[in-house]
Each structure stands twice: as C-alpha cells, then as structure tokens.
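Since the structure comes first, as structure tokens, the remarks are kept for the end.
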C-alpha cells in the first residue's frame, strides 16, 4: 500500500498553525555581538553545511563555506533565508508570523554584520 495524500481541512490547518508558541529566535537582543555566539555551535553548523555540500558533490560550495569567517557564514545563511522567504511568501500564505519575523531579524542581522565589518575595516585602515 502506497502513501495517500489528502487535502487538509481549513480547520486542521488552523490547528497546526496555532500549535507554535513564542519563537525566541525572533527576539532582538540589542546588546549581543557576534563574539557572544557559541563558537562550537557555529563550527558544528559549518561542518554540517560542508558535509551536505560534499555529499551533493558540490566541492566549490564546500570550499566557499570553509573560507567564510563566522560573521560571513551567518550573513550568508541569513541572506539565503530572506531570499527564499521573500520569494515563497509571494506564493504561499504561511499563516504564521514567526516566519516573517525571522526573515526581518535576518535582514537586520545581515546589515549589522556588514556594518561591523565595514567599521572594523575603516578602523584598521586608519590605525593599522
């Protein structure tokens, strides 16, 4: 017997969407800097991304991920999420504002990471 797909009722979809609680990952922590992030968690994420790229035979992607510093890695992931969410939200009504808040969070995080790198670069050029 194979898998049978059936359409979900509007009531069932509403119950599924309402199951999500508060998304703490969408909360803004104004005083946090990239240095406050767990280096082991970032490295674990990097290794998983590299393994996925290598499994797919994409050595160029694996090489690129290896070359990114932590801030660039987070920026790259955030930018990808924002692009995918922006595109798919034009097609689907997710009925879940947590996804939109996460996209907004990543959009602002990317700006902060870029600003931090640009600022650090200008300070290095001035005093380095």
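Residue numbers (the working numbering): 36 to 163. Think of the CB as a built atom: it goes at the ideal place given N, C-alpha and C, for glycine as much as any other residue.
Look up residue i in the DSSP assignment and say whether it is helix, strand or coil.
| i | result |
| --- | --- |
| residue 92 | coil |
| residue 55 | coil |
| residue 42 | coil |
| residue 66 | coil |
| residue 127 | coil |
| residue 160 | Legend: pLDDT at residue 160 = 47, less than 50; position of this residue unreliable, no value from coordinates given. |
| residue 37 | coil |
| residue 73 | coil |
Establish whether the CB of residue i and some CB of chain D are separated by less than 8 Å.
| i | result |
| --- | --- |
| residue 52 | Although the question refers to chain D, the structure presented lacks it and comprises just one protein chain. |
Using 8 Å as the threshold, is the C-beta distance between residue i and residue j below it?
| i | j | result |
| --- | --- | --- |
| residue 131 | residue 55 | yes |
| residue 97 | residue 88 | yes |
Is it buried or exposed for residue i, if we count other Cβ within 10 angstroms and need 16 for buried?
| i | result |
| --- | --- |
| residue 129 | exposed |
| residue 51 | exposed |
Measuring CA to CA, which of the options is closest to residue i?
| i | options | result |
| --- | --- | --- |
| residue 137 | 126, 127 and 114 | 114 |
| residue 148 | 105, 133, 126 and 139 | 105 |
| residue 85 | 101, 66 and 47 | 101 |
| residue 145 | 118, 96 and 90 | 118 |
Inter-stretch contact at 8 Å, needing at least 3 Cβ pairs: the region 122-129 / the region 102-113: no
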